[in-house]
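A short write-up of the structure that comes next.
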Amino acid sequence: AATAPRIPPTRLALHHFDMNYSLQLKDLWPSVRISLLCEQKYGALLNNFSLVDHVTQELELLNATDFVSEALKKAQRSQRGAAAEEAGRGESTSQEGSGEGRTVMQAEAKAQAEMSPPLSASISSNIKCYTFPRGDITRFRPARPDTLGLLDYYLMDAASLLPVLALNVQPGDFVLDLCAAPGGKTLALLQTGGCGHLAANDVSISRTKRLYQILNSYVPKEIRETVSVTSCDGRDWEQLEGGTFHKVLVDVPCTTDRHAVMEQDNNIFHKRRTKERQMLPMLQLQLLMAGILATKPGGEVVYSTCSLSPLQNEHVIE
1 AATAPRIPPT RLALHHFDMN YSLQLKDLWP SVRISLLCEQ KYGALLNNFS LVDHVTQELE
61 LLNATDFVSE ALKKAQRSQR GAAAEEAGRG ESTSQEGSGE GRTVMQAEAK AQAEMSPPLS
121 ASISSNIKCY TFPRGDITRF RPARPDTLGL LDYYLMDAAS LLPVLALNVQ PGDFVLDLCA
181 APGGKTLALL QTGGCGHLAA NDVSISRTKR LYQILNSYVP KEIRETVSVT SCDGRDWEQL
241 EGGTFHKVLV DVPCTTDRHA VMEQDNNIFH KRRTKERQML PMLQLQLLMA GILATKPGGE
301 VVYSTCSLSP LQNEHVIE
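Just so we're aligned, residue 1 is where the sequence shown starts under the UniProt record's numbering, counting upward by one.
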């Protein structure tokens, strides 16, 4: 009997995305589709525990820039522009009023601007990640060890830093990375210099071994001693350490869209993993609930995925 041709999981993934994301993103989907199918560009997360001064100079000579500081400067310019525009509107509306009235309104505008928290307070200036400009496909050289044996930077998708920046770690915070492996975000959390204690957990023992390797390659022993690594089911975390952490990162397992359309190995769209893929939103919700329950009153939780799917993002949160 003839057997049906086996369809690669990458093709199944792309067909699935074409059917769903084209409806969600509409005219944006063709360009997003091209991005997913292009070779991945990496960012170089500088290792603050290494001797990195010469590395910064080397990367800047290659025309790479620190996207974190550049984004902060751009946001601050936008914030100042918005404040100036608001002050201008306030002044124009008070032209017909008394001089005293204008003075009061200007004073109120100034006080409001001073009360607005600076953006630098919510973006860690300690994190530095260099990227090449759009259209520049230059590749970073492999990381090199310094005289202490610590590697100088970690290559990762620069977008993976956004959840870490959003978590806004402050000095002395107890932080939980609930789904930590393979370890890029854990390493980025340590680069903030703010973790009083960091718990890094992942249900996969094999992936946790990779996490240990990254910590040993990038982090000195005295800092590693502030990190506890576990291999527990994150859904059960409340039973272990409920209400303990100031900040919790819940970077959940997902369809990992780029991987799904580019790699055959470990692809969630493989036929034998259909049930697992369908159950992802439930797993994600359970992990998010566990992360919330692990947080102290008044603490903060950041939920993130590597997927464009509303079912795995907005619907889980809602």
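The beta carbon of each residue, even a glycine, is placed where N, CA and C say it ideally should be.
Under 9 Å between C-beta atoms of residue i and residue j
| i | j | result |
| --- | --- | --- |
| tyrosine 153 | phenylalanine 49 | no |
| alanine 64 | phenylalanine 132 | yes |
| alanine 200 | glycine 234 | no |
| cysteine 306 | threonine 255 | yes |
| leucine 46 | valine 52 | yes |
| phenylalanine 67 | alanine 181 | no |
| valine 203 | leucine 215 | no |
| alanine 260 | threonine 10 | yes |
| phenylalanine 245 | lysine 185 | no |
| alanine 294 | leucine 176 | yes |
| aspartate 257 | leucine 36 | yes |
| valine 227 | serine 304 | no |
| leucine 151 | arginine 144 | yes |
| glutamine 24 | leucine 280 | no |
| lysine 128 | serine 69 | yes |
| arginine 6 | tyrosine 21 | no |
Residues that residue i bridges to, as DSSP identifies them
| i | result |
| --- | --- |
| asparagine 201 | Thr230 |
| valine 250 | Tyr303 |
| phenylalanine 49 | Answer is none; phenylalanine 49 lacks a bridge partner. |
| phenylalanine 245 | Thr295 |
| glycine 43 | Met156 |
| leucine 176 | Ala199 and Val248 |
Cβ shell of residue i (< 6 Å), same chain only, five flanking positions each side left out
| i | result |
| --- | --- |
| valine 302 | Pro163, Ala166, Leu167 and Leu249 |
| proline 220 | Phe49 |
| threonine 138 | Phe132 |
| lysine 73 | none |
| tyrosine 130 | Ala44, Leu59, Ala64 and Asp66 |
Coil, strand or helix - residue i by DSSP
| i | result |
| --- | --- |
| lysine 221 | helix |
| aspartate 152 | coil |
| residue 319 | As displayed, the chain neither begins before 1 nor continues past 318, which places residue 319 out of reach and without an answer. |
| threonine 65 | strand |
| proline 145 | strand |
| phenylalanine 17 | helix |
| glycine 88 | helix |
| aspartate 27 | helix |
| alanine 290 | helix |
| serine 309 | coil |
| isoleucine 7 | coil |
| histidine 315 | helix |
| glutamate 70 | helix |
| alanine 1 | For alanine 1, the predicted model reports a pLDDT of 49, less than 50, meaning its position is unreliable and no value from the coordinates is stated. |
| aspartate 265 | coil |
| arginine 207 | helix |
Below-9 Å beta-carbon distance, residue i vs any chain B residue
| i | result |
| --- | --- |
| valine 252 | As a matter of chain content, chain B is missing from the structure shown, which is built from one protein chain. |
Sequence-distant residues of its chain with Cβ nearer than 7 Å to residue i (five each side left out)
| i | result |
| --- | --- |
| residue 331 | Absent from the structure is residue 331, since the part of the chain shown begins at 1 and ends at 318. |
| leucine 12 | Phe269 |
| isoleucine 223 | Phe49 and Leu190 |
| asparagine 126 | Asn48, Gln191, Thr192 and Gly193 |
| glutamate 58 | none |
| serine 78 | none |
| proline 310 | Gln24 |
| tyrosine 212 | Val229 |
| glutamate 238 | Ala290, Leu293 and Ala294 |
Contact set for residue i: own chain, Cβ-Cβ below 8 Å, skip 5 residues either direction
| i | result |
| --- | --- |
| asparagine 267 | Pro9, Thr10, Ala13, His259, Ala260 and Arg273 |
| histidine 16 | Phe269 |
| arginine 210 | Ala181, Pro182 and Gly183 |
| methionine 19 | none |
query = Are the stretch 276-289 and the stretch 42-56 in contact at 8 Å, needing three or more beta carbon pairs?
reply = no
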